[in-house]
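Asks: Here it is: the structure, laid out below.
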Amino acid sequence: MRCFDATIVFASAFSMMWFVPQVDTANSDYLFLILIGCLLFPAVGELLSLYQPWRGRSLYTMLGVFTLTWIGTIVLLSVLLTLLQSVHLFSRLWMGTATLTVLAIGNITRVGLYLYLRHVRASGRNLKRILLIGHEENLALLERNVINTPHAGYVVYKRYVDDGIDTDGKRFLVKVRKLAHTSVFQRDFDEIWLGYSLAEGERVRQLMALLAGVPATVRYFPELPDIRLLNHRITQVAGLYSLELNYTPLNGPMRIVKNVEDRVLGFALFVLFLPVMLAVAIAIRWKMGSPVLFKQERHGLDGKCFKIYKFRTMSQHQSTTTKQAAHGDARITPLGAFLRRTSLDELPQLYNVLQGRMSLVGPRPHAMDHNDHYKDHIDIYMQRHRVKPGMTGWAQVNGLRGITNDVKMMRQRVELDLYYIERWSLGFDLKILAMTLTRGFVNHQP
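Each residue of the sequence shown is one higher than the last, beginning at 1 in the UniProt record's numbering.
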């Protein structure tokens with residue numbers, strides 16, 4: 001795929017030289033810049049995990065990572081041209097058309113390949129065969145998930161059930177030893193999946209010793225029924241293996257990915273909605289007087305406080321009160337009701353995004369008094385603050401926005417927020433932004 005992507009970059013940018021009148025096709029500067037882009041793109045793609053195996057990845061994720069990789073490449077090329085004071089040597093029209101062409105062709109080809117792979121796997125080809133080893137209930141769960149995700153491209157080949165009939169388990173180990181002996185050079189499976197609880201580490205160690213001679217990928221799926229994992233990962237600390245139970249997904253390279261997404265898309269949306277925000281500000285000043293903006297302290301990333309901005313929608317807004325607006329609330333003006341219903345009152349939060357204190361997508365920031373109340377009633381409540389709060393979120397596009405009357409309703413919202421955090425990806429963000437266009441703008445609550 002690296003050579004394929006480099007070819008797309010070269011062919012798209014080079015072909016645009018023939019369609020833009022101002023460009024001299026014999027100019028070697030253009031060719032040199034294109035070649036640098038061809039080298040940079042795969043390098044940026046490696047950093048952003050663009051070339052990880054497609055098996056099990058969603059289409060949204062693949063398109064999102066490709067888009068961000070190309071944006072990162074353009075940023076690096078722009079910085080290079082600025083440092084060399086060479087920006088003036090290239091046609092702005094050519095740079096714009098080449099950028100859009102690479103983006104379009106790259107994403108279209110990925111959609112085509114993805115759909116082709118789905119078709120191939122649906123017809124029983126390009127499947128990885130799995131040998132399941134473990135307890136019956138664990139294997140049933142693994143098999144059910146394989147069946148429910150056919151696009152991942154896995155199929156269960158055989159099950160070796162560790163039923164525990166023999167007290168010391170020797171009979172079962174002999175069975176696995178025979179399997180390992182016959183599978184060294186020829187086998188009918190591609191991967192081995194182990195389904196045991198964390199308390200059965202000795203059993204897993206025994207199986208790994210027996211299977212060490214089998215040249216197949218071995219995956220361990222520990223049974224964790226009593227532990228909630230918040231985007232977990234395995235690391236090494238002080239020479240010991242550690243399972244981080246509430247690891248925030250936005251560390252390291254992924255934090256950079258999220259920041260680039262917020263800054264690039266946030267700036268574009270800020271410019272796009274600037275005329276709308278100016279019109280709303282004038283309307284508020286004319287109808288309701290000053291101030292135009294409502295500012296209030298909220299909890300952000302890691303529970304740190306920041307000042308959130310909204311357009312004022314009430315006749316009186318005191319920052320010391322956190323009483324939620326309700327249907328028919330006398331404080332809401334007619335203009336304010338319209339702004340709330342259309343979510344236009346939230347637009348100033350684009351400035352919070354550009355500040356780096358909010359994200360375009362993430363758990364919505366609640367009033368601080370609400371946090372103090374619900375954290376004592378919902379044990380997982382503050383895990384929402386493992387990431388930056390967002391202008392829109394998974395809970396909002398699923399209809400949970402506005403008034404929260406009780407703990408049960410808030411718990412449902414928190415569950416959706418944690419679902420987002422556990423499964424975060426650039427593609428998931430883009431999906432939520434797309435859903436916001438149809439589900440997230442119109443608010444039927446005040």
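Beta carbons are placed, not taken as given, at the ideal position from N, Cα and C, and that holds for glycine.
So, at 6 Å on beta carbons, what are the nonlocal neighbours of K287 in its own chain, with the 5 sequence-adjacent residues on each side left out?
Replies: L335
Asks: Among V156, K128, G300, which one has its Cα closest to the Cα of L141?
Replies: V156
Asks: I need the straight-line Cα distance from T320 to L265, nearest angstrom please.
Replies: For T320, the predicted structure reports a pLDDT of 47, less than 50, and the residue's modelled location is therefore unreliable. A value from the coordinates is still provided. Each residue's alpha carbon lies about 33 Å from the other.
Asks: Can at least three beta-carbon pairs, one atom from the segment 56-70 and one from the segment 426-433, be found at a separation below 8 Å?
Replies: They touch, by the three-pair rule.
Asks: Using alpha carbons as the reference points, say which of G393, T342, M410 lies closest to N371.
Replies: If we check each option's Cα against that of N371, M410 comes out closest.
Asks: For the segment 162-218, list the alpha helix (DSSP H) runs that are entirely contained and at least 4 residues long, ordered along the chain.
Replies: For the segment 162-218, whole alpha helix (DSSP H) runs of length 4 or above, ordered along the chain, are 170-182, 201-211.
Asks: Among I192, V111, R384, L80, which one has its Cα closest to the Cα of G64?
Replies: In terms of Cα proximity to G64, the closest of I192, V111, R384, L80 is V111.
Asks: Can you tell me which of the three DSSP states S242 falls into?
Replies: Of the three classes helix, strand and coil, the one that applies to S242 here is strand, per DSSP.
Asks: Less than 6 Å between C-beta atoms, sequence neighbours within five positions excluded: which residues of the same chain meet that for H377?
Replies: V407
Asks: For S319, name the three-state secondary structure that DSSP assigns.
Replies: Low confidence applies here, because S319 scores a pLDDT of 46, under 50, leaving its location unreliable and the question unanswered by this model.
Asks: Please report whether the beta-carbon of L339 lies at a distance below 8 Å from any beta-carbon of chain D.
Replies: Reference to chain D is not applicable here, since this structure consists of a single protein chain.
Asks: Cutting at 7 Å between CB atoms, please list the residues of its own chain near V361, excluding the five before and the five after it.
Replies: G390, T392, G393, D429, I432, L433
Asks: Nearest to V257 by CA position, among R177, P363, T67, is which residue?
Replies: T67
Asks: Between L50 and G124, what straight-line distance do the alpha-carbon atoms span, to the nearest angstrom?
Replies: 26 Å
Asks: Which residue from F221, S183, L117 puts its Cα closest to that of A199?
Replies: F221
Asks: Are at least three pairs of beta-carbons, each pair with one atom in the segment 107-122 and one in the segment 78-88, less than 8 Å apart?
Replies: Because the criterion of three Cβ pairs below 8 Å is not met, the segment 107-122 and the segment 78-88 do not touch.
Asks: For C3 and T69, what's the separation of their Cα atoms in angstroms?
Replies: 15 Å
Asks: Leaving out five residues before and five after I133 in sequence, what residues of the same chain have Cβ atoms less than 6 Å from its Cβ?
Replies: Y160, L194
Asks: Do you know how far the Cα of G96 is from the Cα of L47?
Replies: Each residue's Cα considered, the two are about 24 Å apart.
Asks: Along the beta strand (DSSP E) that carries L131, what are the first and last residues, could you check?
Replies: 128-134
Asks: Is the distance from the Cβ of L77 to the Cβ of L40 below 8 Å?
Replies: yes
Asks: Alpha carbon to alpha carbon, how far is A283 from F306?
Replies: 27 Å
Asks: In three-state terms, what does DSSP make of V387?
Replies: coil
Asks: Evaluate S12 with the Cβ neighbour count: other Cβ atoms within 10 Å of its Cβ, from every protein chain shown; 16 or more gives buried, anything less gives exposed.
Replies: buried
Asks: Within the same chain, show all residues whose beta-carbon is closer than 6 Å to that of H317, passing over the 5 residues directly before and after it, in chain order.
Replies: The predicted position of H317 is uncertain, since its pLDDT is 49 and thus under 50; no value can be drawn from it.
Asks: Go through its chain and collect everything with a Cβ distance to K301's Cβ below 7 Å, but skip five positions before and after it.
Replies: For the sequence presented, residue 301 should be read as Leu rather than Lys. Hits under 7 Å: H385, V387, K388.
Asks: Helix, strand or coil for Y51? Go by DSSP, reduced to three states.
Replies: coil
Asks: To which residues does DSSP link I332 through a beta bridge?
Replies: By DSSP's assignment, I332 forms a beta bridge with M314.
Asks: Check L141 in the structure and name its three-state DSSP category.
Replies: Helix, per DSSP.
Asks: Is D5 helix, strand or coil by DSSP?
Replies: helix
Asks: To which residues of the same chain is V400 closer than 7 Å at the C-beta, ignoring the five residues directly before and after it?
Replies: The sequence shown places Leu at residue 400, rather than the Val named in the question. Q412, R413, L416, listed in sequence order.
Asks: Does the distance from the CB of A209 to the CB of E191 come in under 8 Å?
Replies: In this structure, A209 keeps its C-beta atom at 8 Å or more from the C-beta atom of E191.
Asks: Does the beta-carbon distance from L347 to V276 come in below 8 Å?
Replies: yes
Asks: Grouping DSSP H, G and I as helix and E and B as strand, with all else coil, what is T392?
Replies: strand
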